Amino acid sequence: MIRLEHLTKTYAKSAIKAVEDLSLEIQDGEIFGFLGPNGAGKTTTIKMLTGALEPDAGSVEIGGIDMAASPLEAKARFGFVGDDPELFNKLRAAEYLNFVADIYRVSDRERQERITSLARRFKIADVLSSSIGSFSRGMKQKLCVIASLLHDPEAWILDEPMVGLDPQAAFDLKELMRERALAGGLVLFSTHVMEVAEKLCDRIAIIDRGRLRFVGSLAELRARKSELGGGRDGESLESLFLELVDADGSDPGAAR
Ligand SMILES: Nc1ncnc2c1ncn2[C@@H]1O[C@H](COP(=O)(O)OP(=O)(O)O)[C@@H](O)[C@H]1O
Ligand SMILES: [Mg+2]
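The sequence shown begins at 254 in my numbering and counts up one residue at a time.
Following this line, the structure appears as structure tokens:
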């Protein structure tokens, strides 16, 4: 389980709060989508959640472990795929994977099994001895996905994971997300693409200008929309989403 309480962050030299008083609970076994337009605060939230950025206020708990109190223990609980796959270009892919497996203290046998099966699955098995610098963005991203799962974490956190993947790789990734959630793992990913969330997520959060606008299932989002009037059967998540993050921003108290 992941629990975020009252997370707030303002970047130095910035007048606006990138994330403001954000509280969320995500359960094991669910695929949770974190949605919002560019600049909404998704990456900032994920950086605080993964311990890469210290919140100005609020707390993060992963699998019952408090990030501020026990950062190493909390970080061992999740696998993370960032929004920028630029990494150790001088290393060969296999060297990078072994480096990550060393950090997480994955046994030789387990790392070999996982590297082999994931590399085969994402079709980069034949380039593992090539240097990462020669990889396309999509290949680098697949490598990051594989690296994030070497320690078989209970939570899997991905920031805009579909960007830059070809359709087959995006399909494979979504399938893997489903498998992990079905096996009881927690999957949290951000996206600005509504269609992806609509097909994949058990629940979503919509964030805009640093504040939560909605948390719940797609069915709950539709129900809420029809309460407000104007919702109709078959209306896409996208149109509901666009209304929630409508330009006037007059309803910041609407999150629940
Ligand atoms: N390193 C940074 N320094 C200053 N402001 C930043 C930095 N990173 C993000 N921001 C600002 O914080 C807000 C949220 O950004 P971000 O979390 O990256 O949004 P998202 O991932 O939803 O696109 C935006 O207004 C963005 O301009
Ligand atoms: Mg982002």
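Backbone N, C-alpha and C define an ideal beta-carbon position, used for all residues, glycine too.
Quick caveat: nothing in here was measured; it's all calculated off a predicted structure.
With a threshold of 7 angstroms, establish whether the CB of residue i neighbours any heavy atom of ligand 2.
i, result
"residue 413", "yes"
"residue 261", "no"
"residue 300", "no"
"residue 296", "yes"
"residue 461", "no"
"residue 425", "no"
Just checking my contact of residue i with residue j at CB under 8 angstroms: how many whole Å lie between their CB atoms?
i, j, result
"residue 431", "residue 285", "No, residue 431 and residue 285 are not in contact; Cβ-Cβ is about 13 angstroms, not under 8 angstroms."
"residue 316", "residue 407", "6 angstroms"
"residue 318", "residue 310", "Wrong, their Cβ atoms sit about 19 angstroms apart, outside the cutoff."
"residue 345", "residue 384", "5 angstroms"
"residue 255", "residue 302", "7 angstroms"
"residue 399", "residue 375", "6 angstroms"
"residue 304", "residue 324", "5 angstroms"
Would you kindly report the start and end of the unbroken alpha helix (DSSP H) that includes residue i?
i, result
"residue 262", "First-last for residue 262: 255 to 262, but that is the beta strand (DSSP E), not the alpha helix (DSSP H)."
"residue 299", "295 to 302"
"residue 398", "390 to 401"
"residue 424", "420 to 435"
"residue 449", "447 to 453"
"residue 325", "324 to 328"
Check for me: the beta strand (DSSP E) holding residue i runs from which residue to which?
i, result
"residue 332", "331 to 334"
"residue 444", "439 to 444"
"residue 358", "First-last for residue 358: undefined, no H or E at that position."
"residue 380", "Looking at the DSSP string, residue 380 is not in any beta strand (DSSP E), and its letter there is neither H nor E."
"residue 407", "Counting along the chain, residue 407 falls outside any beta strand (DSSP E), and DSSP gives it neither H nor E."
"residue 536", "The displayed coordinates of the chain run from 254 to 509. Any statement about residue 536 would go beyond what the structure contains."
"residue 458", "456 to 461"
"residue 516", "This structure gives no information on residue 516, because the portion of the chain shown stretches from 254 to 509."
"residue 281", "Counting along the chain, residue 281 falls outside any beta strand (DSSP E), and DSSP gives it neither H nor E."
Decide if residue i is buried, meaning its Cβ has at least 16 other Cβ atoms within 10 Å, or exposed.
i, result
"residue 497", "buried"
"residue 264", "exposed"
"residue 369", "exposed"
"residue 494", "buried"
"residue 362", "exposed"
"residue 332", "buried"
"residue 464", "buried"
"residue 446", "exposed"
"residue 437", "exposed"
"residue 343", "exposed"
"residue 373", "exposed"
"residue 322", "exposed"
"residue 435", "exposed"
"residue 414", "buried"
"residue 470", "exposed"
"residue 271", "buried"
"residue 267", "exposed"
"residue 269", "exposed"
Residue i: which of the options sits nearest, CA to CA?
i, options, result
"residue 461", "405, 281, 295", "295"
"residue 418", "394, 492, 438, 313", "394"
"residue 466", "256, 382, 414, 287", "287"
"residue 283", "453, 353, 478", "453"
"residue 351", "472, 304, 401", "401"
"residue 520", "261, 279, 380, 416", "Here the chain comprises residues numbered 254 to 509, so residue 520 is not present and cannot be evaluated."
"residue 389", "420, 330, 338", "338"
"residue 203", "468, 371, 299", "Not covered by the structure: residue 203. The range shown for the chain is 254 to 509."
"residue 377", "392, 365, 387, 367", "392"
I'd like to confirm something about residue i: is its beta-carbon nearer than 7 angstroms to some heavy atom of ligand 1, or not?
i, result
"residue 293", "yes"
"residue 271", "yes"
"residue 264", "yes"
"residue 267", "yes"
"residue 417", "no"
Using beta carbons (cut-off 8 angstroms, strictly below), is residue i in contact with chain C?
i, result
"residue 346", "Absent from the structure: chain C. Only one protein chain is present."
Is the beta carbon of residue i within less than 7 angstroms of some heavy atom of ligand 3?
i, result
"residue 286", "Although ligand 3 was asked about, the structure shown includes only ligand 1 and ligand 2 as ligands."
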